[in-house]
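Structure first, commentary second.
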Amino acid sequence: MKKFTSINDVENLNELIALSEKVKQAPFDFKSIGRNKTIGLLFFNSSLRTRLSTQKAATNLGMTVMVMNINNDGWSLELEDGTRMNADTQEHIKEAAGVISQYCDVIGVRSFASLKDRIGDYEDEIINKFIKYTTVPVISLESAILHPLQSLADVITINENKTNNKTKVVLTWAPHPKALPQAVANSFVEWVRETEMELIITNPKGFDLATRFTDGIKVMHDQDIALKEADFVYAKNWSSYDDYGRIGIEFDDWTITEEKMKLTNNGKFMHCLPVRRNVVVSDEVIDSTNSLVLEQANNRTYAAQTVLLKMLQDEK
Amino acid sequence: MKKFTSINDVENLNELIALSEKVKQAPFDFKSIGRNKTIGLLFFNSSLRTRLSTQKAATNLGMTVMVMNINNDGWSLELEDGTRMNADTQEHIKEAAGVISQYCDVIGVRSFASLKDRIGDYEDEIINKFIKYTTVPVISLESAILHPLQSLADVITINENKTNNKTKVVLTWAPHPKALPQAVANSFVEWVRETEMELIITNPKGFDLATRFTDGIKVMHDQDIALKEADFVYAKNWSSYDDYGRIGIEFDDWTITEEKMKLTNNGKFMHCLPVRRNVVVSDEVIDSTNSLVLEQANNRTYAAQTVLLKMLQDEK
Amino acid sequence: MKKFTSINDVENLNELIALSEKVKQAPFDFKSIGRNKTIGLLFFNSSLRTRLSTQKAATNLGMTVMVMNINNDGWSLELEDGTRMNADTQEHIKEAAGVISQYCDVIGVRSFASLKDRIGDYEDEIINKFIKYTTVPVISLESAILHPLQSLADVITINENKTNNKTKVVLTWAPHPKALPQAVANSFVEWVRETEMELIITNPKGFDLATRFTDGIKVMHDQDIALKEADFVYAKNWSSYDDYGRIGIEFDDWTITEEKMKLTNNGKFMHCLPVRRNVVVSDEVIDSTNSLVLEQANNRTYAAQTVLLKMLQDEK
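These protein sequences, in sequence, are chains E, S and V. Numbering-wise (numbering that gives the first Met the number 0), the first sequence opens with residue 0 and increments by one. Numbering-wise (numbering that gives the first Met the number 0), the second sequence opens with residue 0 and increments by one. Numbering-wise (numbering that gives the first Met the number 0), the third sequence opens with residue 0 and increments by one.
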């Protein structure tokens with residue numbers, strides 16, 4: 000694997016999941032493969048789970064980890080080619096990426112959407128320029144439009160918890176006071192549609208995800224109908240794609256409550272975290288035994304470790 | 000040891016001190032016990048000694064260390080239960096603690112007092128919620144009201160430097176331009192009172208520590224009388240407990256000077272650092288051969304290593 | 000080597016370069032020497048290359064690395080002796096340095112020039128006080144007036160790329176919108192003058208470097224004449240030494256372009272990075288096959304590893 004930014008970088012999802020099971024069962028069994036290998040984790044944005052689970056994953060493999068909050072610790076990066084850099088940006092991404100790839104065997108990059116410039120965001124400029132200018136594998140720690148390590152952890156978690164062959168997964172929009180990216184939702188759709196499971200998306204009108212991700216997937220604007228007989232309810236807020244970055248403040252009845260979970264087939268509750276309690280989901284639901292949020296977070300370590308292991312194996 | 004937040008978590012102080020002597024003599028002799036173990040150090044506040052000495056201690060034991068400035072690197076945490084989180088906080092401490100304890104074998108937490116809400120501070124909410132919501136041992140890196148790693152280092156240092164059986168230790172308030180927590184002072188009292196040594200506290204009127212810590216300890220409001228025949232003078236500023244958070248700016252004659260040290264029994268000078276020179280203590284005193292401040296800081300490594308060693312041993 | 004702050008700390012430059020070649024050829028061959036050794040990297044300022052390459056170098060040697068953004072993570076430091084510290088500074092550098100040297104076997108310090116107080120900057124107060132108050136070797140990660148790890152990497156890079164015995168090196172001032180220190184330029188001069196190569200400096204009038212560095216070196220104010228027959232063109236901006244901190248905004252025709260490179264002897268282009276494209280140097284030049292900027296950055300790892308190796312060897 001030369002990069003991990005999307006499901007499209009995965010040759011065989013079932014094989015990847017099978018590898019993750021091995022990793023989870025014996026996380027320290029691969030410790031020699033990362034000897035004298037270094038991963039650089041570059042954060043343009045905040046991170047708790049990704050920061051810690053990816054560090055954990057890399058050290059489980061015997062790698063050295065270097066973490067950088069790149070804008071604070073280093074220099075502000077120029078992304079455009081051909082610019083006369085006489086304003087605020089101090090270093091071109093071409094040099095930054097070129098240099099870092101000399102110090103690291105794998106580079107992880109987290110960089111959120113601006114939510115102001117839809118075209119720019121959906122070109123996923125930062126991660127793609129890192130890929131363009133590095134000589135080593137790049138792993139997305141959440142880009143402007145996708146969060147593949149989260150999605151792999153989510154698919155692993157569903158796999159561990161599903162009980163029947165005809166599994167219905169519902170991705171539901173949920174309220175949130177601030178504008179959030181569509182990355183987790185886009186990515187979840189990309190990954191789950193590659194499985195055998197039935198996927199339905201439900202969100203208020205005006206909050207449909209980009210059709211490049213949802214084409215062929217059923218999108219419903221009535222949450223109650225969508226939730227019926229769901230085995231897994233994946234809640235997540237995202238701001239509008241059509242009216243780019245708009246917050247759906249008026250849809251506060253989309254919070255996932257016990258009453259709504261009663262519509263499901265004793266459905267499991269999922270969320271990528273961090274989550275706003277009693278806004279996205281009620282305390283009762285997230286604290287119930289049907290809540291998988293901690294299992295999802297735990298599987299972040301094994302998702303990252305599996306991807307890194309694959310990268311190191313393929314390099315050999 | 001399932002947690003280390005106070006002297007009350009220590010079963011046998013003499014045994015702990017004896018273990019610290021072994022650790023200090025051969026710090027790298029325990030390097031296999033931490034193999035494949037990870038400590039997460041979570042800082043809500045600034046730290047130099049604690050940050051570096053605890054990292055050092057953990058790596059001496061062969062552990063992997065992950066450091067996070069939690070509010071800057073991650074998300075701002077909600078502490079209250081039942082809140083509708085539609086304002087500034089982004090993640091509930093219940094999820095944060097639950098998640099981090101899946102990535103770490105031990106969690107260290109530093110979180111200072113607000114000095115605005117005495118009841119909240121003295122419930123020591125942040126560290127206690129971490130303990131409540133984690134499944135792994137928690138170690139205090141200074142909480143709102145206690146600093147047990149500092150106190151253990153202090154007791155080790157006194158032990159190494161005392162020359163007679165009847166040792167008199169004086170904890171004295173000292174001036175400071177900013178409002179500081181009572182944590183170091185509370186904690187010092189908690190620990191020293193468990194030893195055989197005589198402990199006297201001296202501070203200006205209005206600056207008595209909370210009686211839950213000082214009950215049964217002699218508190219004197221005349222510094223000169225208190226210092227008489229002291230073998231150890233532990234200076235530290237704290238803001239008022241009674242008039243919570245008030246600074247004692249008018250008591251600038253409480254600075255520890257050479258003249259005051261002459262009242263003592265050739266007393267050793269102690270302070271936890273960082274220290275404001277010529278405000279808390281004069282240059283002459285802190286630079287004298289009787290100053291133990293660097294020895295105290297050095298013993299922070301062995302204090303932390305001893306506690307971590309005990310936690311890892313008890314887990315086996 | 001007890002410190003590494005300047006060429007003056009190097010006993011034999013040729014030996015150091017020879018050692019760096021061994022290190023670069025087999026970077027992991029020295030991994031036992033750093034066992035149970037810790038380096039503390041203290042950053043008062045931003046850093047990308049230095050931060051990552053020095054971490055990499057230390058882990059290549061088997062050392063443990065502790066990184067601190069000292070003003071943000073720790074306490075603001077007082078530098079003056081005898082001050083009554085009742086204002087903004089929280090800890091005296093004497094305690095900070097004394098304490099950190101108990102936790103670390105080597106200390107790295109990065110601290111830029113103020114560009115406001117020339118006398119203070121040129122006394123290089125911060126790094127020198129660290130040296131004064133520590134008991135362990137100190138390595139400069141760029142001080143107010145020198146950047147020796149950069150210069151060593153630069154000399155290594157020139158050495159790898161020179162083709163004839165009579166090599167001409169030109170250090171040229173280049174435009175920049177912000178006031179920058181003279182450290183890289185001062186240091187480059189200090190190091191290159193110790194080699195057999197011819198060194199010429201060219202800069203606009205009013206931008207001569209301090210004579211303590213340039214005495215005996217040819218300084219030309221006509222860039223075109225200086226560049227003639229150059230084998231290596233080292234571009235770098237610096238603010239004025241004479242009119243301390245002044246930016247040379249009016250000299251925007253000093254940008255290194257293809258046309259100017261045509262004056263040289265098919266010269267190689269060098270810069271320490273980060274670089275402002277199309278201000279310091281045109282895209283064509285930095286993107287050409289004659290550009291050595293990535294090689295310089297890569298050699299930062301081996302420069303740091305060589306210096307650390309020497310320090311650890313000398314300690315034995």
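Just so you know, even glycine gets a beta-carbon here, dropped at the ideal spot from N, CA and C.
Check whether residue 196 (chain V) and residue 232 (chain V) have beta carbons under 8 Å apart
no
Whole-Å CB distance - residue 284 (chain V) paired with residue 173 (chain V), under 8 Å assumed:
Actually they are not in contact, since the Cβ atoms of residue 284 (chain V) and residue 173 (chain V) sit about 11 Å apart, beyond 8 Å.
Going by alpha carbons, who is nearest to residue 132 (chain S) out of S:140, S:151, S:106?
Per the Cα distances, S:106.
Any 3 or more C-beta pairs closer than 8 Å across the region 54–72 of chain S and the region 15–30 of chain E:
Flag = no, the region 54–72 of chain S and the region 15–30 of chain E do not touch.
Proximity below 8 Å, CB of residue 201 (chain S) to CB of residue 207 (chain S):
no
Any C-beta of chain V within less than 7 Å: which residues of the region 33–45 of chain E qualify?
35, 37, 39
Let me see if you follow: with CB-CB separation under 8 Å, is residue 370 (chain S) close to chain V or not?
The displayed coordinates of chain S run from 0 to 315. Any statement about residue 370 (chain S) would go beyond what the structure contains.
Please return the same chain residues whose Cβ sits closer than 6 Å to the Cβ of residue 150 (chain V), not counting the five positions on each side in sequence.
186, 187, 190
On the three-pair Cβ rule with 8 Å, is the region 92–101 of chain E touching the region 119–132 of chain E?
yes
Give the residues from the region 244–278 of chain S that approach chain V closer than 7 Å (Cβ to any Cβ), ordered along the chain.
Against chain V - using a Cβ distance shorter than 7 Å - the residues of the region 244–278 of chain S are 272, 273, 274, 275, 276, 277, 278.
Identity of the residues DSSP links to residue 301 (chain S) by a beta bridge
Answer by DSSP bridge pairing: none, since residue 301 (chain S) is not bridged.
Using the three-state DSSP reduction, which class does residue 148 (chain V) fall into: helix, strand or coil?
helix
Check each candidate in V:31, V:137, V:261, V:143 and name the one with the smallest Cα separation from residue 116 (chain V).
V:143
Using 8 Å as the threshold, is the C-beta distance between residue 19 (chain V) and residue 155 (chain V) below it?
yes
Burial state of residue 316 (chain E), where buried means 16 or more other Cβ atoms lie within 10 Å
The structure shown does not extend to residue 316 (chain E), since chain E spans only 0 to 315, so no value can be given for it.
Can we say the region 219–237 of chain E touches the region 160–168 of chain E, given the rule of at least three CB pairs closer than 8 Å?
yes
Please report whether the beta-carbon of residue 57 (chain E) lies at a distance below 8 Å from any beta-carbon of chain V.
Look at residue 57 (chain E): its C-beta is not under 8 Å from any C-beta on chain V.
If you draw a straight line from the C-alpha of residue 235 (chain S) to the C-alpha of residue 152 (chain S), how long is it?
15 Å
Could you name each continuous beta strand (DSSP E) segment of 3 residues or more that falls completely within the region 256–304 of chain V, going from the start of the chain to the end?
267–269
If you draw a straight line from the alpha carbon of residue 256 (chain E) to that of residue 308 (chain E), how long is it in whole angstroms?
Within the model, the alpha-carbon separation for residue 256 (chain E) versus residue 308 (chain E) is close to 39 Å.
Out of V:210, V:17, V:259, which one is the CA nearest neighbour of residue 227 (chain V)?
V:259
Who pairs with residue 32 (chain V) in a beta bridge, going by DSSP?
Paired residue(s): none; residue 32 (chain V) is not in a bridge.
Could you check if residue 287 (chain V) is buried or exposed, using at least 16 other CB atoms within 10 Å of its CB as the buried criterion?
exposed
Give the residues of chain S in contact with residue 293 (chain E), contact being defined as C-beta atoms less than 8 Å apart.
94, 97, 98, 101
What's the gap between the Cα of residue 64 (chain S) and the Cα of residue 55 (chain S)?
9 Å
Does residue 139 (chain E) come out as helix, strand or coil in the three-state DSSP assignment?
The three-state reading of DSSP puts residue 139 (chain E) in strand, counting E and B together.
When burial is assigned at 16 or more other CB atoms within 10 Å of the CB, is residue 277 (chain E) buried or exposed?
With 16 or more other Cβ atoms inside 10 Å of its own Cβ, residue 277 (chain E) counts as buried.
Check the Cβ of residue 83 (chain V) against every Cβ in chain S and list those closer than 7 Å, keeping chain order.
277, 278
What three-state label does DSSP hand residue 58 (chain S) in the structure shown?
helix
Quick check: what's the CA-CA separation for residue 198 (chain E) versus residue 157 (chain E)?
Distance from the CA of residue 198 (chain E) to the CA of residue 157 (chain E), rounded to the nearest whole angstrom, comes to 12 Å.
Here's the rule: buried if 16 or more other CB atoms are within 10 angstroms of the residue's CB, otherwise exposed. What is residue 312 (chain V)?
exposed
Distance check for residue 147 (chain S) and residue 114 (chain S), CA to CA, integer angstroms please.
19 Å
Residue interval of the alpha helix (DSSP H) (run including residue 117 (chain E))
117–121
Residue 109 (chain E), enclosing beta strand (DSSP E) - first and last residue
105–109
So what does DSSP say about residue 164 (chain S), is it helix, strand or coil?
coil
Which same chain residues, not among the five before or five after residue 251 (chain V), have their C-beta less than 6 Å away from its C-beta?
When the five nearest sequence neighbours on each side are left out, the beta carbons in the same chain lying within less than 6 Å of the beta carbon of residue 251 (chain V) are those of 174, in order along the chain.
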